[in-house]
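Under my numbering, the letters of the sequence shown match residues 9 to 227, in that order.
Glycine residues also receive a C-beta, built at the ideal position from the N, C-alpha and C atoms.
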Amino acid sequence: MEAYVTPDTIEEKAKLWLKKIEPFNRHRMRLNKERSALLVIDMQCFFLNLDSPTFTCGGIAILPTVKQLIDAFREEDRPIIFTRHTHHPDNLDAGIMEWWWGGMCLEGSPESEVHHDIVPLPHEKVIQKHRYSAFYNTDLETILRCLKIEDIVISGIMTNLCCESSARDAYYRDYRTFFLADATGTINEEMHLASLLNIAFGFAFVTTKNEIILEIQKK
Numbered sequence: 009m010e011a012y013v014t015p016d017t018i019e020e021k022a023k024l025w026l027k028k029i030e031p032f033n034r035h036r037m038r039l040n041k042e043r044s045a046l047l048v049i050d051m052q053c054f055f056l057n058l059d060s061p062t063f064t065c066g067g068i069a070i071l072p073t074v075k076q077l078i079d080a081f082r083e084e085d086r087p088i089i090f091t092r093h094t095h096h097p098d099n100l101d102a103g104i105m106e107w108w109w110g111g112m113c114l115e116g117s118p119e120s121e122v123h124h125d126i127v128p129l130p131h132e133k134v135i136q137k138h139r140y141s142a143f144y145n146t147d148l149e150t151i152l153r154c155l156k157i158e159d160i161v162i163s164g165i166m167t168n169l170c171c172e173s174s175a176r177d178a179y180y181r182d183y184r185t186f187f188l189a190d191a192t193g194t195i196n197e198e199m200h201l202a203s204l205l206n207i208a209f210g211f212a213f214v215t216t217k218n219e220i221i222l223e224i225q226k227k
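Encoded structure:
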């Protein structure tokens, strides 16, 4: 499958996507830096290695963008929370996902690790999840409440599965959510754009890495 976006084209593509969803992206918000956290969803070797059967071209395309976001949040000492989608080696927790998808990303496997370009620091939280949403049966909400987070910035893969599901769940929990058009990715442009439309219409403000970095770097 031909890649719909690359690291070299992501910025221009994002401008086109934002233009297409503009009529629905009406709930503009300014990031509250002191109440913000970055969520990096499932940027794992399982999805980012070129030789993986689950390779996600949109994930490789956004990798430099996500790294820039991580660097900016670290520089300003703002929380970064990573997720890893994994399952027990015996698929005890796979449920319908095993039937739906087949091969699972297994706990403890090299493929389950976060990509080496964006390895979490020892003090940064890594959430293990077994379903699309980062909130489902995890301690994410507890962590966010303890950190007094109100604004969540969503990045990672896949746009239309784990990222969108997490954005919806964040909205249900009354978080202000910033969904990044150029820091989320999936397997084709149609799915990516459809998800951006859904998110803008009902759940989050769709924006870009540059806009978020401008806000996070304000003194």
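Check your understanding: Three-state secondary structure (DSSP) at H124?
Key -> Within the sequence shown, residue 124 is the residue found at index 116, counting from 1. Of the three classes helix, strand and coil, the one that applies to H124 here is helix, per DSSP.
Among N33, E30, M51, E197, which has the Cα closest to the Cα of E121?
To locate residue 121, count along the sequence shown from 1; it is residue 113. Taking only the C-alpha atoms, the option nearest E121 is M51.
Exercise. Who are R116's beta bridge partners in DSSP?
Worked result: Against the sequence shown, residue 116 aligns to sequence position 108. A small fix is needed here, since residue 116 is Gly in this sequence, not Arg. Paired residues: none, contrary to the question.
Where V161 falls, given that 16 or more other Cβ within 10 Å makes a residue buried:
Translated into positions along the sequence shown, residue 161 becomes position 153. By the 10 Å Cβ count, V161 comes out buried.
When the Cα atoms are used, what is the spatial distance from L26 to H123? One-based indexing of the sequence shown puts residue 26 at position 18. One-based indexing of the sequence shown puts residue 123 at position 115. Looking at the two C-alpha atoms, the distance is approximately 28 Å.
Going along the chain, which residues of its own chain have a beta-carbon closer than 6 Å to the beta-carbon of E219, five neighbours each way excluded? As a position in the sequence shown, residue 219 is number 211, starting the count at 1. Taken in chain order, the list of residues that qualify is empty.
Q.
So, under 8 Å CB-CB, I78 and D190 are touching, yes? Tell me the CB distance rounded to an integer number of Å.
A. One-based indexing of the sequence shown puts residue 78 at position 70. One-based indexing of the sequence shown puts residue 190 at position 182. With a Cβ gap of about 14 Å, I78 and D190 do not count as contacting.
field: Backbone secondary structure at I220 - three-state DSSP
entry: Along the sequence shown, one-based indexing puts residue 220 at 212. Helix.
Note to self: Please give the ranges of any beta strand (DSSP E) in the region 47-122, keeping only runs that are unbroken, at least 3 residues long and fully inside the region.
What the structure shows: 88-93
- Query: Which whole-angstrom value is the C-beta distance of P61 and G111, which I expect to be below 8 Å?
  - Reply: By one-based count along the sequence shown, residue 61 stands at place 53. By one-based count along the sequence shown, residue 111 stands at place 103. The Cβ separation is near 7 Å, so the contact holds.
| What span of residues does the beta strand (DSSP E) with I157 cover, start to end? | Along the sequence shown, read from residue 1 onward, the residue named residue 157 stands at position 149. Unbroken run through I157: none, as it is neither H nor E.
* **alpha helix (DSSP H) segment containing K21, residue limits** => Here residue 21 refers to the residue found at position 13 when the sequence shown is read from its first residue. Per DSSP, K21 belongs to the alpha helix (DSSP H) from 18-29.
Quiz item: If you follow the beta strand (DSSP E) that R184 is part of, which residue opens it and which one closes it?
Solution: Mapped onto the sequence shown, residue 184 falls at position 176. Taken as a continuous stretch (DSSP letters only), the beta strand (DSSP E) holding R184 covers 184-193.
Proximity of E83 and K41 at Cβ, strictly below 8 Å: For the purposes of this step, residue 83 is taken as the residue at position 75 of the sequence shown. For the purposes of this step, residue 41 is taken as the residue at position 33 of the sequence shown. Contact flag unset, no.
**Q.** Residue closest to N33, alpha-carbon to alpha-carbon, out of K227, Y144, F209
**A.** Stepping through the sequence shown from its first residue, residue 33 is reached at position 25. Closest option to N33, Cα to Cα, is F209.
Exercise for review: Helix, strand or coil for F209, going by three-state DSSP, please let me know.
Suggested key: Counted from its first residue, the sequence shown places residue 209 at position 201. Of the three classes helix, strand and coil, the one that applies to F209 here is helix, per DSSP.
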